[in-house]
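The structure appears below as C-alpha cells.
Residue numbers (the numbering used here): 201 to 618.
This is the structure:
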C-alpha cells in the first residue's frame, strides 16, 4: 500500500529525514527559545500554510526507519477558532483524540480516545476525558459516527462515553451537525467477580448488588442518572429518548476461551470476529491489564490497510497474534523508570504497574515481533508532556524496531492511502 501520511497540530521542523540528535535542545529549551519575538514571527510565518489548512501539518511516512522531530511545545499555537483540515470521505484516516494515560487529569493531553474514519464512516476506540470536544475539533462529523468500541471499563476510557449519547445526539449544533442515526457500541460484558484487594486488606465496594456491570448496564445507569435532564428536554423541545441513539453489544468470548476474571484474564487465544459491516472488519483478543476483566485489543481491517489498538495491556502474545502484519499499531506506553526514580513507589507497586502496562523499552521489540509498519504511542504515562521529553519517548520506543515510531499527541492525524 502507499505510505501513510501524518498530520500534526504542531510544526515538525526537522521532518522525517532521520533520527533525532540526542544533543538537540529539550522541549523546555525550545519553549523558552520560542518565547522571543523573532522566534514567534518565524513560527507564525512557517505556520501560515498550516493555519490555512485548518491547523494541521502533514508529514509523509516512508518505509525506512525515521523519527518524528522533537517539536517545540510552543508550536502548539494554532488558534482555537481555526477550522480543521477537511476529512476526506474517501480513504482511511486515524485521529488521536486524546493521548493521556490514567484517570488523573492533566492540561497537556486529553483523555485516551481515538477515531478511525473509513470511507465516510467513523469508528471510535475508547472515550476518555474530553473525547466529544476533541472529536468536534478534528473536523469529524457526528452524523458520520457509526460505532464506538470500548476496550475496558476503567474510567479513563469511558469518561465521555455517555456524552456521545447525551450531547452528540442531543440536537443539531451550531455547525449543523449531530448524531442523527443510532450508533453501535461494542465492549465488555460484566466481569462476573471482583478480585481481592491488591496487597491484601479490605476494599470498599460500590453498588454491592451489581459490582461488576458491563457496557449494557453502564449505558443504562448513565441514562438513568441523567433522567431528569432528558425528561425535561423531551418535554420542552421534543428531543427523542436517548435510548434510541445507541445500540449496545456486549462482546461474547469464543467458546472454550478459558478466561476467568480471577485466575486467567487473558489466556492464549487467536483473534475472533467482533463486527463486519462490509466496510470494516473488527477482530479482538483479550489482553492482560492487571485485575481488569475483560480487557480487549481491537484490529480494524479496512480497504486501505489495517490498524490495531492495544487498549491497556502488559506484554502479550495475544497482541502479537492480533497485530501481525498490520500497517499501524496504536499501543499504550508507560515509563516505569520515571516512576522508579521520581516517585518513591515501592518495588511491589512498580511490579503491579508492569503487570498492567507496557514499558517504553518493551514496545519497540513488540512492534518488531508483530511486523507492523508504524508504531504510534498513546495512553502515555506519565501524561504531562513536561515530565518526560518527547525525544526520550521516541528514542527508547525505536530501539529494537525497524519501522516508524510516532509519539502521539492530541489531534494527530495519520492517513492510510490504499
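Positions of the beta carbon are idealized from the N, C-alpha and C atoms, including for glycine.
- Using alpha carbons as the reference points, say which of 391, 353, 546 and 372 lies closest to residue 437. Taking the first residue of the chain shown as position 1, residue 437 is located at position 237. Comparing Cα-Cα distances from residue 437 to each of 391, 353, 546 and 372, the minimum goes to 372.
*asked:* Which residue marks the beginning of the alpha helix (DSSP H) containing residue 423, and which one marks its end?
replied: Numbered from 1 along the chain shown, position 223 holds the residue referred to as residue 423. That run of the alpha helix (DSSP H) goes 415 to 425.
| task | Please work out which residues of its chain come closer than 7 Å, Cβ to Cβ, to residue 244, disregarding the five sequence neighbours upstream and downstream, and give them in chain order. | result | Here residue 244 is taken as the residue at index 44 of the chain shown, counted from 1. Because residue 244 sits at a pLDDT of 27, beneath the cut-off of 50, its placement in the model cannot be relied upon, and the following sentence gives the value as read from the coordinates. No residues qualify anywhere along the chain.
ask   = Quick one: Cα of residue 599 to Cα of residue 565, how far?
value = Counted from its first residue, the chain shown places residue 599 at position 399. Counted from its first residue, the chain shown places residue 565 at position 365. Between residue 599 and residue 565, the C-alpha separation is close to 7 Å.
Using the Cβ count rule (16 or more neighbours within 10 Å means buried), how would you classify residue 510? The count along the chain shown starts at 1 and reaches residue 510 at position 310. Its Cβ being crowded by 16 or more others within 10 Å, residue 510 is buried.
Verify whether the separation of the beta carbon atoms of residue 162 and residue 377 is less than 8 Å. The displayed coordinates of the chain run from 201 to 618. Any statement about residue 162 would go beyond what the structure contains.
query = Are residue 495 and residue 517 close, meaning C-beta to C-beta below 8 Å?
reply = Numbered from its first residue, the chain shown carries residue 495 at position 295. Numbered from its first residue, the chain shown carries residue 517 at position 317. Not in contact: residue 495 and residue 517 (Cβ atoms no closer than 8 Å).
query = Which first and last residues belong to the beta strand (DSSP E) in which residue 380 is found?
reply = In the chain shown, counting from the first residue as 1, residue 380 sits at position 180. Neither: residue 380 is in no beta strand (DSSP E) and is coded neither H nor E.
By DSSP's criteria, residue 327 is part of a beta bridge. Which residues make up the other side? For the purposes of this step, residue 327 is identified with residue 127 of the chain shown, where counting begins at 1. Paired residue(s): 313.
### Message
Is it buried or exposed, residue 261, if we count other Cβ atoms within 10 angstroms and call 16 or more buried?
### Response
By one-based count along the chain shown, residue 261 stands at place 61. The predicted model places residue 261 with a pLDDT of 40, which falls under 50 and marks its position as unreliable, so this point remains unresolved.
By alpha-carbon positions, which one of 475, 488, 492 and 520 ends up nearest to residue 502? On the chain shown, position 302 is the one that residue 502 refers to. Considering only alpha carbons, the answer is 475.
One question on the structure: do residue 355 and residue 286 come within less than 8 Å of each other, judged by their Cβ atoms?
Indexing the chain shown from 1 puts residue 355 at position 155. Indexing the chain shown from 1 puts residue 286 at position 86. No.
query = With a cut-off of 8 Å, do at least 3 Cβ pairs link the stretch 564 to 582 to the stretch 601 to 610?
reply = yes
Please report the straight-line C-alpha distance between residue 484 and residue 538, rounded to a whole angstrom. As a working note, residue 484 is residue 284 in the chain shown. As a working note, residue 538 is residue 338 in the chain shown. Near 31 Å, if we compare the C-alpha coordinates of residue 538 and residue 484.
query: Where does residue 406 land, buried or exposed, given buried means 16+ other C-beta within 10 angstroms?
result: Here residue 406 refers to the residue found at position 206 when the chain shown is read from its first residue. Classification of residue 406: exposed, given that the 10 Å Cβ count is below 16.
* Proximal residues to residue 337 (C-beta, below 7 Å), its chain only, five neighbours per side dropped -> As a working mapping, residue 337 is identified with position 137 in the chain shown. Correct list, in chain order: 284 and 611.
In this structure, how does DSSP classify residue 350 when only helix, strand and coil are distinguished?
Residue mapping note: residue 350 aligns to position 150 of the chain shown, counting from 1. In the structure shown, residue 350 sits in coil (DSSP, three-state: anything other than H, G, I, E or B).
Beta strand (DSSP E) segment containing residue 449, residue limits: The residue labelled residue 449 in the question sits at position 249 within the chain shown. Residue 449 -> beta strand (DSSP E) spans 446 to 450.
Requested in this report: Say whether the stretch 460 to 471 touches the stretch 298 to 317, bearing in mind that this needs 3 or more beta-carbon pairs closer than 8 Å, one atom from each stretch.
Outcome: no
Helix, strand or coil for residue 567 per DSSP? In the chain shown, counting from the first residue as 1, residue 567 sits at position 367. Note: residue 567 maps to helix in three-state DSSP.
TODO: Would you kindly report the start and end of the unbroken beta strand (DSSP E) that includes residue 498?
DONE: On the chain shown, residue 498 is found 298 positions in, with the first residue counted as 1. Residue 498 -> beta strand (DSSP E) spans 496 to 502.
Those runs of the beta strand (DSSP E) which lie wholly inside the stretch 503 to 579 and span at least 3 residues | 505 to 509 and 528 to 534
Can you name the start and end residues of the alpha helix (DSSP H) that residue 594 belongs to? Against the chain shown, residue 594 aligns to sequence position 394. Looking at the DSSP string, the run of the alpha helix (DSSP H) that includes residue 594 is 590 to 598.
Q: Give me the Cα-Cα distance between residue 449 and residue 335, rounded to the nearest whole angstrom.
A: Translated into positions along the chain shown, residue 449 becomes position 249. Translated into positions along the chain shown, residue 335 becomes position 135. When rounded, the distance between both Cα atoms is 22 Å.
Using the three-state DSSP reduction, which class does residue 428 fall into: helix, strand or coil?
For the purposes of this step, residue 428 is identified with residue 228 of the chain shown, where counting begins at 1. Residue 428: helix per DSSP, three-state reduction.
**Asked** What whole-angstrom Cβ distance do residue 310 and residue 298 have, given they're in contact under 8 Å?
**Response** As a first step, residue 310 is located in the chain shown; it is residue number 110 there, counting from the start. As a first step, residue 298 is located in the chain shown; it is residue number 98 there, counting from the start. Yes, residue 310 and residue 298 are in contact; Cβ-Cβ is about 3 Å, under 8 Å.
Spatial neighbours of residue 422 within its chain, please: CB distance less than 6 Å, with the 5 preceding and 5 following residues excluded, ordered by chain position. Here residue 422 refers to the residue found at position 222 of the chain shown. The residues are 362.
* How should residue 592 be labelled, buried or exposed, when 16 other C-beta atoms within 10 angstroms of its C-beta is the threshold for buried? -> Counting from 1 along the chain shown, the entry for residue 592 is found at position 392. Residue 592 comes out buried.
Nonlocal neighbours in the same chain, by C-beta distance under 8 Å from residue 608, ignoring five residues either side | Locating residue 608 in the chain shown gives position 408, where the first residue counts as 1. For residue 608, where only same-chain residues beyond five positions count, the Cβ hits under 8 Å are 296, 299, 530, 576, 577, 578 and 580.
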